[in-house]
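Novice: Per mature numbering (1 follows the signal peptide of the UniProt record, and there is no 0), the sequence shown runs over residues -29 to -1, 1 to 156.
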Amino acid sequence: MKHNFSRLLRHSLLVAALTAVLAGCGKQAADSGAELLQHAESGNTQALNALLGRRAEPNFRDSCQWTPLMKAAVNGHVDAVRSLLDAGADVDAADKGDYTALLLAASNNHAQVVTTLLEHGAMIDHQENTQGFTALIWAAKRGHAEAVDVLLRAGADKTLPDHQGRTAADWASAEGHQQVLALLH
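#1: Below 8 Å between beta carbons: does that hold for residue 102 and residue 66?
#2: For the alpha helix (DSSP H) containing residue 20, list its first residue and its last residue.
#3: Going by beta carbon distance, what residues of the same chain come within less than 6 Å of residue 110, once the five residues before and after it are set aside?
#4: When you compare only the Cα positions, how much space is there between residue 38 and residue 122?
#5: Tell me the rounded alpha-carbon separation between residue 53 and residue 104.
#6: With H, G and I counted as helix, E and B as strand and the rest as coil, what does DSSP make of residue 4?
#7: Given residue 75, which residues of its chain have a CB within under 7 Å of its CB, disregarding the five upstream and five downstream residues?
#8: I need the straight-line Cα distance from residue 80 to residue 25, nearest angstrom please.
#9: Taking buried to mean at least 16 other C-beta atoms within 10 Å of its own C-beta, is residue -9 buried or exposed?
#10: Can you grab the Cα-Cα spacing for the pair residue 56 / residue 151, in whole Å?
#11: For residue 59, which residues in the same chain have their Cβ closer than 7 Å to its Cβ, ignoring the five residues on either side in sequence?
#12: Could you spell out where the alpha helix (DSSP H) holding residue 108 opens and where it closes?
#13: Starting from residue 42, trace the alpha helix (DSSP H) in both directions and tell me its first and last residue.
#14: Along the alpha helix (DSSP H) that carries residue 53, what are the first and last residues, could you check?
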């Protein structure tokens, strides 16, 4: 009887382990991380939340050191950004060039994402290390009035220069963005 019980227990454990692997519970972190990056980039919040619910790492990084939060932010997926932040994503994680989700969102005029990141404590005046641009400089240079407005209302330093000594107003003027320039003065 003891032998049969032991055999039955081993069989049950084997079936449970096999079921877990076939259900995706045995995936390596890199697999779920790559999926998380993909769903964050596409804005598939349902799939993103499912992975986060299975304890996928919200701060997973690709070969360029981009996180799912950066992918969601650069593409303007505010619901995905919120889900990732709620799951513990680092709001100020930076890639190889020291770009953060806030810089990426502002440079693409995703004002709702900028607002969400700032509400979660993103460093508003962080400068990337390639040119010394802040989120405000990027938004001003590209003529993104909505993002500039959000950043200014949140207290962005409009006098902070880049590595060339140029401010957000200098860039807006050089690029001919009069609406943005008016916001900066």
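We put the CB at the ideal spot given by N, CA and C, even for glycine.
Specialist: Well, looking at it:
#1: no
#2: Segment 16 to 24, the alpha helix (DSSP H) holding residue 20.
#3: Excluding sequence neighbours, residue 110 sits near 77, 118 and 119.
#4: 22 Å
#5: 25 Å
#6: helix
#7: 41, 44 and 45
#8: 32 Å
#9: Residue confidence is low: residue -9 scores 41 on pLDDT, short of 50, so the model does not pin down where it sits. No coordinate-derived value is stated.
#10: 29 Å
#11: The answer, listed in chain order, is 29.
#12: 106 to 112
#13: First-last of the alpha helix (DSSP H) with residue 42: 39 to 45.
#14: 49 to 57
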